[in-house]
Amino acid sequence: MSTDLTSPPATRVIGGRTSLGITWPAWGWSLIGVLAVWALIIIARPGTPFEPIAQALSLAPFLVLVALGQMLVITLGPGNIDVSVGTIISMASYVSVAVGASAGPLAGVVAAAGAGAVAALCSVLAILLLRVPPIIATLATSLIVSSATLLLADASRNAADASLRVFVNAKVLGIPVIAIVVLAITVVIALMLKRTRFGLSVVAVGQSARAAERAGIRVWAITALAYIASGTFAGLTGGLLAAFISPSTVLGTSYMLDSIAVVVIGGTLISGGRAVPAGAWTGALFFVLLSGLLNLVGWSIGAQNILKGVLVVAVVIVSATAAGTGRSSLARLRESFTSRTIKKEKNNG
Amino acid sequence: MTTTAPTRYVRPALTTRALTSVLHGSPALLSLTALVVVFAISIANQPGILSVTGLTLMLMSAVPLVFAAQAQMLIMSVGDIDLGIGALIGLVTVIAATLLNESPVLGIAMLLAIVVVYALLGLIVQKRKVPSIIVTLGMSFVWLGVGLQILPTPGGATPEWLTAIGRWRPEGIPAPIVFIVIATAVGWYLSRQSRMGSRLRALGSNPATLEKAGWSLVQTRVLAYVLAAILIVISGLLLASQTRSGDINSASNFTLMTIAAVVLGGGNFSGGRALPIGATLGAVTLGLITVLLSLMSLSSSLQSAAQGAIVLAVLAGRIITERFAR
Numbered sequence: 056m057s058t059d060l061t062s063p064p065a066t067r068v069i070g071g072r073t074s075l076g077i078t079w080p081a082w083g084w085s086l087i088g089v090l091a092v093w094a095l096i097i098i099a100r101p102g103t104p105f106e107p108i109a110q111a112l113s114l115a116p117f118l119v120l121v122a123l124g125q126m127l128v129i130t131l132g133p134g135n136i137d138v139s140v141g142t143i144i145s146m147a148s149y150v151s152v153a154v155g156a157s158a159g160p161l162a163g164v165v166a167a168a169g170a171g172a173v174a175a176l177c178s179v180l181a182i183l184l185l186r187v188p189p190i191i192a193t194l195a196t197s198l199i200v201s202s203a204t205l206l207l208a209d210a211s212r213n214a215a216d217a218s219l220r221v222f223v224n225a226k227v228l229g230i231p232v233i234a235i236v237v238l239a240i241t242v243v244i245a246l247m248l249k250r251t252r253f254g255l256s257v258v259a260v261g262q263s264a265r266a267a268e269r270a271g272i273r274v275w276a277i278t279a280l281a282y283i284a285s286g287t288f289a290g291l292t293g294g295l296l297a298a299f300i301s302p303s304t305v306l307g308t309s310y311m312l313d314s315i316a317v318v319v320i321g322g323t324l325i326s327g328g329r330a331v332p333a334g335a336w337t338g339a340l341f342f343v344l345l346s347g348l349l350n351l352v353g354w355s356i357g358a359q360n361i362l363k364g365v366l367v368v369a370v371v372i373v374s375a376t377a378a379g380t381g382r383s384s385l386a387r388l389r390e391s392f393t394s395r396t397i398k399k400e401k402n403n404g
Numbered sequence: 006m007t008t009t010a011p012t013r014y015v016r017p018a019l020t021t022r023a024l025t026s027v028l029h030g031s032p033a034l035l036s037l038t039a040l041v042v043v044f045a046i047s048i049a050n051q052p053g054i055l056s057v058t059g060l061t062l063m064l065m066s067a068v069p070l071v072f073a074a075q076a077q078m079l080i081m082s083v084g085d086i087d088l089g090i091g092a093l094i095g096l097v098t099v100i101a102a103t104l105l106n107e108s109p110v111l112g113i114a115m116l117l118a119i120v121v122v123y124a125l126l127g128l129i130v131q132k133r134k135v136p137s138i139i140v141t142l143g144m145s146f147v148w149l150g151v152g153l154q155i156l157p158t159p160g161g162a163t164p165e166w167l168t169a170i171g172r173w174r175p176e177g178i179p180a181p182i183v184f185i186v187i188a189t190a191v192g193w194y195l196s197r198q199s200r201m202g203s204r205l206r207a208l209g210s211n212p213a214t215l216e217k218a219g220w221s222l223v224q225t226r227v228l229a230y231v232l233a234a235i236l237i238v239i240s241g242l243l244l245a246s247q248t249r250s251g252d253i254n255s256a257s258n259f260t261l262m263t264i265a266a267v268v269l270g271g272g273n274f275s276g277g278r279a280l281p282i283g284a285t286l287g288a289v290t291l292g293l294i295t296v297l298l299s300l301m302s303l304s305s306s307l308q309s310a311a312q313g314a315i316v317l318a319v320l321a322g323r324i325i326t327e328r329f330a331r
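One line per chain: the protein sequences are A and B, in this order.
Here the first sequence is numbered in this note's numbering, starting from 56 and rising by one per residue.
Here the second sequence is numbered in this note's numbering, starting from 6 and rising by one per residue.
Have a look at this one:
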């Protein structure tokens, strides 16, 4: 038995350092993807080069908002994932419209975000008290939320408030106001992850929940906050989407996988411990531009789904190799204790 | 838990093992209790189900779920989770109702392709060390896309032989029970009785030891995925034989249900455990709950909420019983 230790599991490289000393950002690849898709769109429909970007900027912010929440959850470490965001968005769209009709659009959006937080609280209780794995807890929550959506859909026949419609469609110098607002939120989250106790704790828990606990971080509180943040952002997105599109029971369905894909494509580690807020933007723009391109070329919904799925799998494979991350926290932990051997080529079996 | 079968190891007698598992509080006991309770409530609601016809109708929906749960159990025994199972079963029903009927060769080729893709997934998960959750979640969209391409709206017709399987009604015993017993026996053989079963569980609990014992980790994980894929295909075919049509969304809730069934039956998420009888009991319980909810004429809007709440409640029950057992 050889005893040489290889690849210490705790160390991580953020980005990759080139020989010139310039750090290649984790969201760099997705930016290249954005530019490539943009170029393809221009080739497919020459004439108005900035129109596709302007269009993408009005749709992408919603995806960015959901992805930021999803990013916080995924950063918590392996196994942490929020699959309830899709149904929360659908539910929140009805909440926003229903409350907005009686108490004004602002109250409606706040209520939508609150509804998202309440739904997330349900997941949190299941995760922390019942010790249900997050994926089951959030799946169960999404079932409960989808029932709530159906009940709300039966009860309300309202349309979104006119002033909210004006707000989500407003543009300053050709840039949608909503994009500016979401950009501000992204900056706040980026600073929070770098500077504040909560942000650093999220990253620390993702790198090693055990070490974080030893260091005095209340892991349960951080976990709860991250999920509630994710639910709140999904609720907020639903509240705004109600005015941008219109409330519907399937409004948020596509956001579930899209948000995870955006987070992964944006350079956030799927195994946790590294959050890349800027990547939410490049990832979301890539996705929105890509579906614009596919619609332009005339691909069916089925084909778009296939491409999306293949892309997610491909990006995960590539990024996992690049970062050299483990399969799951338990597996990584186990490997760090037991596997002291270099992977030997074995042919018998 | 044994990792690899030593040459001179003698298995204890079946009775000894059964007695031990009862004494130690078998993990499947909770699921058995839940099943009995659900069944009792169903009988109280509809006394008519205590007949061959009644039981057939009651348990029919559980048959594909039991096969899918065995597949999920195999995947979970190596420490992975398959989130694409629901979409894939939907795709199999679509293939069964279109290609398998129109050009059987192409249909069978598609079904075989699914198994090959699963082998590749196992290879990727092991070689690249990527999380199975994300890979299978991504694949679920591929399945969905392929299904929508073949059959955008539910419909089609299953081939004669498949419909005949769905229509098969033996004398004296409800047909679903036969299928459920077969599924459990297959799952039990694959995961508990055969040598490869020990390898699968070893991969979930202690891959390093498995490797030192001279087995290939890659081959073992690929084996688990291939076996699971075969069970998933069977599950999809059985579902199609009952509905006699294809619908990509017909099994979308199977993903949660199978995972819940395995956990309910005593399985865990970290791998190394495979309890086929528990998984079957869990799947039948959850299937019955679905039927029960519709029997109780619960508003259709509330049904998914009830399902989610029940899954959480049952999992909570498991935590509580495990705490008492310690």
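Virtual Cβ for every residue (Gly too), placed ideally from N, Cα, C.
Could you check if B/Tyr194 is buried or exposed, using at least 16 other CB atoms within 10 Å of its CB as the buried criterion? exposed
Might you give, ordered along the chain, the residues of its own chain that have their beta carbon closer than 8 Å to the beta carbon of B/Glu165, omitting 5 neighbours on each side? none
Closest by CA to B/Val99, which one among B/Arg278, B/Asp252, B/Gly271? B/Asp252
Check whether chain A comes within 8 Å of B/Gly95, counting only Cβ atoms and requiring the distance to be less than that. no
So what does B/Pro136 bridge to, in DSSP terms? In DSSP, B/Pro136 forms no bridge with anything.
What is the DSSP secondary structure of B/Gly160, reduced to helix, strand or coil? strand
Residue environment, A/Gln262, which counts as buried when at least 16 other CB atoms sit within 10 Å: buried
Mind pulling the chain A residues with CB within less than 8 Å of B/Ser306? Ser202, Leu205, Leu206, Asp209
Whose Cβ in chain B lies nearer than 9 Å to the Cβ of A/Ser263? None at all; the shortest Cβ gap to chain B is about 17 Å.
Check whether the Cβ atoms of B/Arg111 and B/Leu104 lie closer than 8 Å to each other. According to the sequence displayed, residue 111 of chain B carries Leu and not Arg. Going by C-beta atoms, B/Leu111 is nearer than 8 Å to B/Leu104.
CA-to-CA distance, B/Asn50 to B/Ala39, given in whole angstroms: 17 Å
State the start and end residues of the unbroken alpha helix (DSSP H) segment that holds B/Ser348. This structure gives no information on residue 348 of chain B, because the portion of chain B shown stretches from 6 to 331.
So, does the CB of A/Pro189 fall closer than 8 Å to a CB anywhere in chain B? no
Check each candidate in B/Thr21, B/Ser47, B/Gly160 and name the one with the smallest Cα separation from B/Ala245. B/Gly160
Cβ closer than 9 Å: which chain A residues qualify as neighbours of B/Arg249? Chain A residues near B/Arg249: none, gap ~23 Å exceeds 9 Å.
Which residues bound the alpha helix (DSSP H) around A/Asn224? 217 to 224
Per-residue contacts from A/Leu312 into chain B (C-beta, under 9 Å): Leu142, Gly143, Ser145, Phe146
Do the segment 125 to 145 of chain B and the segment 74 to 93 of chain B meet, that is, are 3 or more Cβ pairs less than 8 Å apart? yes
Does the beta-carbon distance from B/Ala266 to B/Ala101 come in below 8 Å? no
Give me the Cα-Cα distance between A/Ser383 and B/Leu126, rounded to the nearest whole angstrom. Note on A/Ser383: pLDDT 39, under 50, position unreliable in the model; the coordinate value appears next. Cα to Cα, A/Ser383 sits roughly 16 Å from B/Leu126.
Give me the subset of the segment 322 to 346 of chain A whose CB atoms are less than 7 Å from a CB atom of chain B, sorted by chain position. Ile325, Ser326
Report the residue from B/Asn106, B/Gln224, B/Ile113, B/Asn211 whose alpha carbon sits nearest the alpha carbon of B/Thr168. B/Asn106
Can you pull the chain A neighbours of B/Leu317, defined as C-beta to C-beta under 7 Å? Ala181, Leu185, Val187, Ala195
Using 8 Å as the limit for Cβ to Cβ distance, is A/Asn360 near chain B? yes
Please check if any C-beta of chain B sits within less than 8 Å of the C-beta of A/Ser355. yes
In whole angstroms, what is the alpha-carbon distance linking B/Ala314 and A/Thr196? 8 Å
Pick helix, strand or coil for B/Ala311, following the three-state DSSP scheme. helix
With DSSP collapsed to three states, give me the class of B/Pro17. coil
Could you tell me which whole alpha helix (DSSP H) segments of length 4 or greater appear in the segment 134 to 216 of chain A? 140 to 158, 160 to 183, 189 to 210
Which class does A/Pro302 belong to by DSSP, given the choice of helix, strand or coil? coil
Give a yes or no on contact between the segment 116 to 130 of chain B and the segment 316 to 329 of chain A, applying the rule of three or more CB pairs nearer than 8 Å. no
Are the beta-carbon atoms of A/Val152 and A/Asn213 separated by less than 8 Å? yes
Just by C-beta distance, which residues in the segment 106 to 131 of chain B are closer than 9 Å to chain D? Annotation note: the requested chain D is absent from the structure, which comprises protein chains A and B.
A/Val274 versus chain B: which residues are under 8 Å apart at the beta carbon? None at all; the shortest Cβ gap to chain B is about 18 Å.
Excluding five sequence neighbours on each side, which residues of the same chain lie with their C-beta closer than 8 Å to the C-beta of B/Ile185? Leu64, Ala67, Val68, Val71, Thr285, Val289
Can you pull the chain A neighbours of B/Gln51, defined as C-beta to C-beta under 7 Å? Near B/Gln51 there are no residues of chain A at all, since even the closest Cβ is about 24 Å away, more than 7 Å.
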